[in-house]
Amino acid sequence: MESSLLQRFAILTLFALLFQLPDRAYADQPMFHAEQGVAIGGYDTVAFFVEGQAIKGHRKFAVMWKGAVWHFVTKDNQISFEADPRAYAPRFGGYCAFAVSQGYLMSGSPESWQIIGGELFLLYGPGVHQIWQYQSTELISQARDNWPSVLKQ
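Position one of the sequence shown corresponds to residue 788 (the numbering used here), numbered consecutively onward.
The structure is reproduced here in structure tokens:
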């Protein structure tokens, strides 16, 4: 039983890494991943904590923070973020936390995420999310060791 679980983990790891290679970033990167200047694809970072789900924010509720525009679903969420942005912003700049743990950058997906210890972690996709769930404590520690120096690689 344990052998088949290890084999499954190894296959999932290989599968996830194969699909990630083209998206690797090698140049200096901004502190927060922001496509077209918008953090986490326009999703409301407060909603992950309050609603427990990924919800697209609106342009009418927007804040500029750390060089990116952050969108929110409600004015209340915007106010909460403005009061303490570090409490709500995804760790590792919204980059995939698994990739950061491995020493490289990939975009994190607001559709694949997890809150652990009151911190929001974005992941590349469902395959990586499965791997993350098996070793999140160790991977978070590795990612913390690599952050923010991984931005310079």
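All C-beta atoms in this analysis are idealised placements derived from N, C-alpha and C, irrespective of residue type, glycine included. Keep in mind that this is a model prediction, so the values were computed, not measured.
Judged by their CB atoms, residue 847 and residue 830 are not nearer to each other than the 8 Å cut-off.
Sixteen is the threshold: since fewer than 16 other Cβ atoms of the shown chains lie within 10 Å of the Cβ of residue 903, the residue is exposed. Contact annotation: residue 926 and residue 934 have beta-carbon atoms that are not nearer than 8 Å. Fully contained in the stretch 812 to 874 are the following beta strand (DSSP E) runs of length 3 or more, in chain order: 845 to 852 and 855 to 859. When DSSP states are grouped into helix, strand and coil, residue 891 belongs to the coil group.
Counting along the chain, the unbroken alpha helix (DSSP H) around residue 919 starts and ends at 913 to 933. Sequence-distant partners of residue 929 (beyond 5 residues in either direction) whose C-beta falls short of 6 Å from its own C-beta, in its chain, are 888.
Counting C-beta pairs closer than 8 Å gives three or more between the stretch 845 to 861 and the stretch 818 to 830, which meets the contact rule.
Of the other Cβ atoms in all chains shown, fewer than 16 fall within 10 Å of the Cβ of residue 913; this residue is therefore exposed. Counting along the chain, no beta strand (DSSP E) covers residue 877, and no H or E run does either.
In this model, residue 911 and residue 875 are separated by some 19 Å (Cα to Cα).
The residues 831, 834, 842 and 844, in chain order, have a CB closer than 6 Å to that of residue 860 in the same chain once the five nearest residues on each side in sequence are set aside. In the assembly as shown, residue 890 is an exposed residue. Its beta-carbon has fewer than 16 other beta-carbons within 10 Å.
Closest by C-alpha distance to residue 899, out of 893, 907 and 916, is 916.
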